[in-house]
Each structure stands twice: as C-alpha cells, then as structure tokens.
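The structure appears right after this line, and notes come after that.
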Amino acid sequence: MKKTILGALTVASFGLPAMAQDNIEVTLGVLNDRSGVYADLSGEGSVVAARMAVEDFDAASKGLDVEVISADHQNKPDIASNIARQWYDQDGVDAILDVPTSSTALAVADITAQANKILIDSGAGSTQLTGEQCQPTTIHWTYDTAALAKGTGGAVTEAGDKKWFFLTADYAFGHSLEEETMKIVEESGGEIVGSVRHPFPATDFSSFLLQAQASGADVIGLANAGGDTVNAIKQASEFGITQSGQSLAALLMFITDVHALGAQTAQGLVLTEAFYWDHDDETREWSARFEEKFGSKPTMVHAGVYSGTMHYLRAVEATGSTDGDVVAEWMKANEFDDPLFGEGYVRKDGRVIHDMHLYEVKTPDESTGEWDLYKHVSTIPGEEAFLPMEGSGCAFANES
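This is the structure we're talking about:
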C-alpha cells in the first residue's frame, strides 16, 4: 500500500496477478473532501464510482493494469497542491479525478498541466476551469456555475420571483455562481437587491439570513453547496423566512442534501442536476449497483467520476499511452454515448457538453420512498446549458 505524508491514502488494484509485459500501468488518484462539508456528495463515493468504472471497463482484459488511490484535500488549495505534486512526482499517478472546491481544482489543474497529466474534474463548479484559467489537460465533466445559473436562476425568475438577494460562499465557486446567476436573473427581467458573503465553510448563518430577510427580496439565492446549503436552509426555516413569503433558490444542491433535509423541509425547491438516479432504466440499474456497494444513492459528482473515468480508460486503450496531451487530444476528438449522461463530447477548452435537467423536490405525499425525491421539470440541451467557447477567455481553445 502506498502512503502519503499528507493524509490517509486508500489503494485498490485491478489487474492480473502477473502482468503481461506489454500491459499499460495506470494509476488514478481520487482527490476530494473526505471529512468536511462536501464529503457526502463526493468523498468515498467517488472512489467507489472510479472502481466501478475500472471493473465495468474490464481493464485487465484490455491490457490495462489500473490502480485507484485516494486522499483528502480538506478543501484547502495548499494541501491539494502538495498531494498532487507528490502523486505526480513520486507515486506515478497518471490522472486525478473529482476535486471539489473550485479553488483547489484550479490549483490542481495548473500542477497537472505542468506534469503533462490529466485532471478530470467532477466536483468543482467554477467556469474558470474552462475560461481564463483553462489548461489543455483539464476535462471539466459534470456541471459548472453557468449551467446551474441557466437552469435554476432562469426558471425561478421566469416563474415570477424577480427581486433577488444572494447569500454566497466566499471563495472561487461561490463568486462564480453568484456572478453567473446575476447575469441570468437580469437577462430574464429580474433585479438584484443585495448580496452578502459568508465564510467557507460556515455553521451560523443567522446574521446573513437576517440581512436577506430585511432586503425585501422575493427570493434568496444560495450560492453555496453541500453542508453550507443544508444548514442555511434549515436556519432559514427556523427564522420563518419561507413562511413569511420569501422563497429560497438552492443554486447548487445534490440528492444527498435533499435527503438530509427531508421532503418535508425541501419540498418545492427547484434545482439543476446533470444526473438523477431515477432518470431512466440505465441510471436506475447503475445506481442500484452503486448503492449496494456504498449504502446510498449516487450524486451527480459520483456519476461524473464514473463516466469521466470510463472515457479516460477508452482513451488510454485507444492510444496506448498515458501522456496527458495524447490522452486529452483523444478524449476531445471522440464523442461518447454514456448510460448516465447520454450523448456528449469534450470541447477543445475541456468543457464536457451534455444535457442538464431541471427538477423540483417532491412533497412528502408525492414521494414513494426514501430516495424518491425529484420530479423532472425540463431538460436543458447541453449546447444551451453551458457557456459558448467563443469569448470564454480560454486562450488556447480560441486560437485560430
């Protein structure tokens, strides 16, 4: 078992006991939050998803000897950077997966490009990963703040809640989500009446919620995620904010968050997701296998780790290489038809284009089981959900 001086490291190997001489050795590192506010939506579930991809790809029979390792970045860019450097320089890691928290993802993307490796990011949301801070070897798989803003921000404003106040996590992801949603709100005829930023992570939202309550806004946009979103919604209920007529818009919310809140508290919330376990027969089948291994339904981050790993392994098999530039070029040149995300492709800037979906949380009477929490409202085609590449600020992607 390999060890890291920076955190607990778990290793799982998949391959033949005795490798053939021409087998390609591949090491995948799942780098995420395993102990904090994003552990439920990411964490060990992403490791399980990566292992499932290796098993389903049947890597050993295709000449790939694949090892999956993992570590906790604690949502801190310096820790994530140190782990990434050690993985690339000492532990032979070829690709890093997941990496929630945009500030950590941006740091790891730079290090990955310098090492000519691959980052397949499922957990972070900042559009900067494929914008001004893009890297040729970054693949941004699952969602981003522009897609969330387009879905939830547009739907809530068009439904009649025109005056917005933002409660925003004070780091790269929160800033990006606030900025993108403000644009959509104003384009949809809405008005921004104020905003406040809270520390990341936070436990006490009382002062921020009182400012939002006093703002006269129709809707309070929660530009945060994970435990911060759950705590903000719980405390808003305790303050009687929704009972007094203001509504909440959870701009990034995961099935694990809704499950933690319960349908009684979360009912009626509108949210945008790239994946939902009960979307169709294929997502149900995969999610049942995931739940059997992990004990709960997968989030869209878990699904993104699985799908991104599958596409990466296809690239390694096809090219016979783990070279970052070679693998990235193949991933961008070849479309995919994925059981979890449907048809899609990787753009030159690394943004993965696939459909996004608008959901509404069911009432307790509508829900037929513990995880039966969403009803589908609409599908947003990928070409509409994500920002266009032109004008994104990604220098290499817009070269003629």
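For reference, each letter of the sequence shown is one residue, going 31 to 430 in the numbering used here. By construction, the Cβ of each residue, glycine as well, lies at the ideal position given by its N, Cα and C atoms. Just so it is clear, the structure is predicted and the values come from calculations on it, not from any experiment.
(message) For Q158 and C164, what's the separation of their Cα atoms in angstroms?
(response) Roughly 6 angstroms separates the two Cα atoms.
(request) Using beta-carbon positions only, say whether S156 and S206 come within less than 8 angstroms of one another. (result) yes
(request) Give the single residue among L370, G380, P369 whose Cα lies nearest to the Cα of W360. (result) G380
(message) On the criterion of 16 or more Cβ atoms from any shown chain inside 10 Å, does H228 qualify as buried, or is it exposed?
(response) buried
(request) Spell out the partners DSSP gives W171 in its beta bridges. (result) Its beta-bridge partners do not exist; DSSP assigns none.
(message) Closest to Q116 by C-alpha separation, out of Y404, A358, S100, would be which residue?
(response) S100
(request) Compare the beta carbon distance of I141 and L61 with 8 angstroms and say whether it is the shorter of the two. (result) Result no, Cβ atoms of I141 and L61 do not sit closer than 8 angstroms.
(request) Apply the 10 Å Cβ neighbour rule to R418 and answer buried if 16 or more other Cβ atoms are within range, or exposed otherwise. (result) Per the sequence shown, the amino acid found at residue 418 is Pro instead of Arg. By the neighbour-count rule (16 or more Cβ atoms within 10 Å), P418 is not buried but exposed.
(request) Might you give, ordered along the chain, the residues of its own chain that have their beta carbon closer than 6 angstroms to the beta carbon of A2, omitting 5 neighbours on each side? (result) With the chain covering 31 to 430 only, the question about residue 2 has no answer from this structure.
(request) Sort P369, F320, R314 by Cα distance to S341 and report the nearest one. (result) According to the sequence provided, residue 341 is His. The question's Ser does not apply to it. That would be P369, whose Cα lies nearest to the Cα of H341.
(request) Please name the residue in S267, Y201, S245, G184 whose C-alpha comes closest to that of Q231. (result) Checking the sequence shown, residue 231 turns out to be Pro, not Gln. For the residues S267, Y201, S245, G184, the minimum Cα distance to P231 belongs to Y201.
(request) Could you tell me if T393 is buried or exposed, where buried requires 16 or more neighbouring beta carbons within 10 angstroms of its beta carbon? (result) exposed
(request) Quick one: give me the first and last residue of the alpha helix (DSSP H) that D287 is part of. (result) Taken as a continuous stretch (DSSP letters only), the alpha helix (DSSP H) holding D287 covers 285 to 291.
(request) Buried or exposed for D70, please, with buried defined as at least 16 other CB atoms from any protein chain shown within 10 angstroms of its CB. (result) buried
(request) Give a yes or no on whether the C-beta atoms belonging to I263 and F195 are separated by under 8 angstroms. (result) Judged by beta-carbon spacing, F195 lies beyond the 8 angstroms limit of I263, meaning their Cβ atoms are not closer than that value.
(message) Buried or exposed for E97, going by 16 or more other Cβ atoms inside 10 Å?
(response) buried
(message) Please tell me whether Y375 and I383 are closer than 8 angstroms, where the distance is taken between their beta carbons.
(response) yes
(message) Give me the residue from R314, R344, V346 with the minimum Cα distance to A333.
(response) R314
(request) Could you tell me the boundaries of the beta strand (DSSP E) in which V98 lies? (result) 94 to 102
(request) Look at the alpha carbon of A143 and the alpha carbon of T175, and state the distance between them as a whole number of angstroms. (result) 23 angstroms
(request) Select from T187, D95, S72, G190 the residue whose C-alpha is nearest the C-alpha of P130. (result) S72
(request) May I ask which residues mark the beginning and end of the alpha helix (DSSP H) holding V186? (result) That run of the alpha helix (DSSP H) goes 184 to 188.
(request) To the nearest angstrom, report how far apart D86 and S317 are at their CA atoms. (result) 14 angstroms
(message) Contact defined as beta carbons within less than 8 angstroms: I believe L239 pairs with I271. What is the distance between those atoms, to the nearest angstrom?
(response) The Cβ separation is near 6 angstroms, so the contact holds.
(message) By DSSP's criteria, F195 is part of a beta bridge. Which residues make up the other side?
(response) G224, I250
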